[in-house]
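Engineer: Here it is, the structure, as structure tokens.
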Amino acid sequence: MNQPPAALEPPPAPAAPIEGSPAAGASGGSLARGRIGTFDLVFFVVAAAAPLTVLAGVAPFAIGIGGPGTPLGYLLSGVLLVLFAAGFTAMTRYVRNAGAFYAYVARGLGRTLGVGTAYLATLSYNLIAPGVAAGFGYFASTTLADLTGAEVPWWPLATLCVLGVGVLGWLRVTLSAKVLGVALVLEVLVLLVMEFGVLSDRGAKALDVTSFDPAVLLSSGGMAGMFVLVIGAFTGFEATAIYAEEARDPARTVPKATFIAIGFLALFYAFGVWVLMGGFGTAESVAMARAADGPQLTFTAAEQFVGRWLADSMQVLIVISAFAATLAFHNAAARYLYALGREGLLPRRLAAVSPKQGSPAAAVVVQTVFGLVVVLGGALLGADPYSEIFLWSNSMGVLGIMIMQALAALAVFFFFRRDRRGMPLWRVVVAPLIAFAGLAVLTLLALWHFDLLTGRTGAVNAALLVPLPVALAAGLAVAARIRRTDPGRYARLTEVDVERD
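Heads up: the sequence shown runs through residues 1 to 501, numbered per my numbering.
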């Protein structure tokens, strides 16, 4: 699409602020209202980011590629996402829809691109959930072997994970929030113990301020690749808006939870990586991260500065972290399926809601079945659960979400450009444009360095990139057909705001 987004078609007329009244008759029923508070939302999105998995599994690679300036990379990524969130959450007052991304894009850039984004979003979230479940199976299998000597194949464990999150997804959403909250607290505690051990041993020597010198970051030859890994560590924060229909006072809850989540992740990642590097000395830690056993850097620090028990605890908690992330992405994926079913963009049966639990029951079942197909199909084909199922599905999903974030940032600008509705210029015009530019650049970098995400090159990467444009094109084609054959229905697409309609 070479023409400006606004030229695609006139966007839907801006909605009035959503106040008060309950929804009327959305197809299949409505999700339970007013159940989710601010910290429930924070647990959902931070658990999806899986901070322990990031600091123990991804950060060593980022350090090896980005060098001494990696902690600053995490902070700058957080700043960029705060700019994105400033505009994104400003639209929460006008868009309250479980299919958050596509509803935002439709309001700002037009229904056709909104429907294309709907299909892209559904594919992206539904790819990540079973991929992380396969990762759970891998981590659980290796942990059992390391700690007990028991040899258990990965796929039965991954199957149990898929079924477990399916049950939790069916039940009240607040139960999922409690499970994720416990998992998140454990992840944070074990990392804080490691950091305390490093600081107790090394003192001020562990805090090398040159890591936050922009010149150090810019001098790194691997800065672009490092940012690809770093920005992916925040994936999931945008899901706060997905739960707007179920949140208490969403006009306040969603923005507050979004900023808390981004701020926490940025500071927690930056401080954790900074202390981890300082434990061995900045230069030495970079060399260690680039060595053959570099991926073990965080576990090495835990054992050296605290004890073997902490390294073993981390290994167990990574399994719990993977389960929590699977649950978080399962819930997000199910809500996209529900929202598209409600719009008639997928079979309307997907909009069926459990009367007792208030959950998107049909969508939960479909997402669970899809997860089982991926896990069991991968096992039958002999696929590696980590290097193939986990990395490949997550790489596609994360890239899809990055594309949607960039589109959503641009949509915010176009939504508010003629009427800021009393919002500050910086929040709804300046910040979204800066965020769009930054996210667009990072998306292009992710495409250029896709091998860092997948661990593959050539034809494999080309094949992995195909589903994303296909999903987008399918959505555009569906929207064009509806526009041609049923203009009235087309005019109503992405207009479901459950508390207004």
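Using N, Cα and C, we set each Cβ at its ideal position, and we do this for glycine too.
Mind checking who I36 pairs with in its DSSP beta bridge?
Structural biologist: Mapped onto the sequence shown, residue 36 falls at position 36. Per DSSP, A247.
Engineer: Where are the alpha helix (DSSP H) runs, 4 residues long or more, that stay fully inside the stretch 326 to 389, in chain order?
Structural biologist: The stretch 326 to 389 contains these whole alpha helix (DSSP H) runs: 361 to 381.
Engineer: Report the option in V82, G116, A361 and F139 whose CA atom is closest to the CA atom of L317.
Structural biologist: By one-based count along the sequence shown, residue 317 stands at place 317. Measuring from the Cα of L317, the nearest candidate turns out to be F139.
Engineer: Could you tell me how far apart the beta carbons of L123 and G400 are, in whole angstroms, since I believe they sit closer than 8 Å?
Structural biologist: Here residue 123 is taken as the residue at index 123 of the sequence shown, counted from 1. Here residue 400 is taken as the residue at index 400 of the sequence shown, counted from 1. Indeed they touch by this definition, with Cβ atoms about 6 Å apart.
Engineer: Where does D451 fall in DSSP's three states?
Structural biologist: Along the sequence shown, read from residue 1 onward, the residue named residue 451 stands at position 451. D451: helix per DSSP, three-state reduction.
Engineer: List, from N- to C-terminal side, the alpha helix (DSSP H) runs of 4 residues or more that fit wholly inside the stretch 260 to 318.
Structural biologist: For the stretch 260 to 318, whole alpha helix (DSSP H) runs of length 4 or above, ordered along the chain, are 282 to 290 and 297 to 305.
Engineer: Leaving out the 5 sequence neighbours to the left and right, which residues in its chain are closer than 6 Å to V45 when beta-carbon positions are compared?
Structural biologist: On the sequence shown, residue 45 is found 45 positions in, with the first residue counted as 1. So the qualifying residues of the chain are G236, F237, A239, T240 and A261.
Engineer: By how many angstroms is the C-alpha of I63 removed from the C-alpha of G294?
Structural biologist: In the sequence shown, counting from the first residue as 1, residue 294 sits at position 294. In the sequence shown, counting from the first residue as 1, residue 63 sits at position 63. Going from the Cα of G294 to the Cα of I63 covers about 9 Å.
Engineer: Compute the Euclidean distance between the alpha carbons of D249 and V42, then round it to the nearest angstrom.
Structural biologist: Against the sequence shown, residue 249 aligns to sequence position 249. Against the sequence shown, residue 42 aligns to sequence position 42. Cα-Cα distance, rounded: 15 Å.
Engineer: Helix or strand or just coil, what does DSSP make of F234?
Structural biologist: By 1-based counting over the sequence shown, the position of residue 234 is 234. Three-state result, F234: coil.
Engineer: Nearest to V319 by alpha carbon, out of L444, S141 and A206?
Structural biologist: The residue given as residue 319 occupies position 319 in the sequence shown. Selected option, being the one with the closest Cα: S141.
Engineer: Give the DSSP-derived three-state secondary structure of A150 in the structure shown.
Structural biologist: Position 150 of the sequence shown holds residue 150. Coil.
Engineer: Please name the residue, chosen from L465, V478 and L442, that lies closest to L80 on a Cα-to-Cα basis.
Structural biologist: For the purposes of this step, residue 80 is taken as residue 80 along the sequence shown, with counting starting at 1. Among L465, V478 and L442, the Cα nearest to that of L80 is on L442.
Engineer: Cβ atoms of V105 and A409: under 7 Å apart, would you say?
Structural biologist: Start at 1 with the first residue of the sequence shown, and residue 409 comes out as number 409. Start at 1 with the first residue of the sequence shown, and residue 105 comes out as number 105. Against a cut-off of 7 Å, the Cβ pair of V105 and A409 comes out as no contact.
Engineer: Would you report the Cα separation of A90 and P360, rounded to the nearest angstrom?
Structural biologist: To locate residue 90, count along the sequence shown from 1; it is residue 90. To locate residue 360, count along the sequence shown from 1; it is residue 360. Using only the alpha carbons, I get a separation of about 26 Å.
Engineer: In terms of residue numbering, what span does the alpha helix (DSSP H) encompassing R202 cover?
Structural biologist: As a working mapping, residue 202 is identified with position 202 in the sequence shown. Note, R202: alpha helix (DSSP H), V173 to R202.
Engineer: Taking T457 as the reference, which of L75, V188, L381 and E388 has the closest Cα?
Structural biologist: Here residue 457 is taken as the residue at index 457 of the sequence shown, counted from 1. The option with the nearest alpha carbon to T457 is E388.
Engineer: How many Å lie between M226 and V58 at the Cα?
Structural biologist: Taking the first residue of the sequence shown as 1, we reach residue 226 at position 226. Taking the first residue of the sequence shown as 1, we reach residue 58 at position 58. Rounded to whole angstroms, M226 to V58 spans 10 Å at the Cα level.
Engineer: Near V54, what residues of its chain come up, given a Cβ to Cβ distance below 8 Å and the 5 sequence neighbours on each side ignored?
Structural biologist: As a working note, residue 54 is residue 54 in the sequence shown. Taken in chain order, the residues that qualify are A233 and Y269.
Engineer: Within this structure, are the beta carbons of A287 and N126 separated by less than 7 Å?
Structural biologist: Within the sequence shown, the letter at position 287 stands for residue 287. Within the sequence shown, the letter at position 126 stands for residue 126. Against a cut-off of 7 Å, the Cβ pair of N126 and A287 comes out as no contact.
Engineer: Use the C-beta contact count for P385: other C-beta atoms within 10 angstroms, 16 or more gives buried, fewer gives exposed.
Structural biologist: For the purposes of this step, residue 385 is taken as the residue at position 385 of the sequence shown. Per the 10 Å Cβ criterion, buried.
Engineer: Check T457 in the structure and name its three-state DSSP category.
Structural biologist: For this step, residue 457 is matched to residue 457 along the sequence shown. Coil at T457, not helix or strand.
Engineer: Locate the alpha helix (DSSP H) running through R483, then write down its first and last residues.
Structural biologist: Numbered from its first residue, the sequence shown carries residue 483 at position 483. Note, R483: alpha helix (DSSP H), P467 to T485.
Engineer: Alpha carbon to alpha carbon, how far is V398 from V460? Give it in angstroms, no decimals.
Structural biologist: Translated into positions along the sequence shown, residue 460 becomes position 460. Translated into positions along the sequence shown, residue 398 becomes position 398. In a straight line, the C-alpha of V460 is about 17 Å away from that of V398.
Engineer: Assuming S211 contacts G78 (C-beta within less than 8 Å), just tell me the rounded distance between them.
Structural biologist: Against the sequence shown, residue 211 aligns to sequence position 211. Against the sequence shown, residue 78 aligns to sequence position 78. Going by Cβ atoms, the distance from S211 to G78 rounds to 15 Å, so no, they are not a contact pair.
Engineer: What three-state label does DSSP hand A491 in the structure shown?
Structural biologist: Position 491 of the sequence shown, counted from the start, is the residue given in the question as residue 491. Helix at A491.
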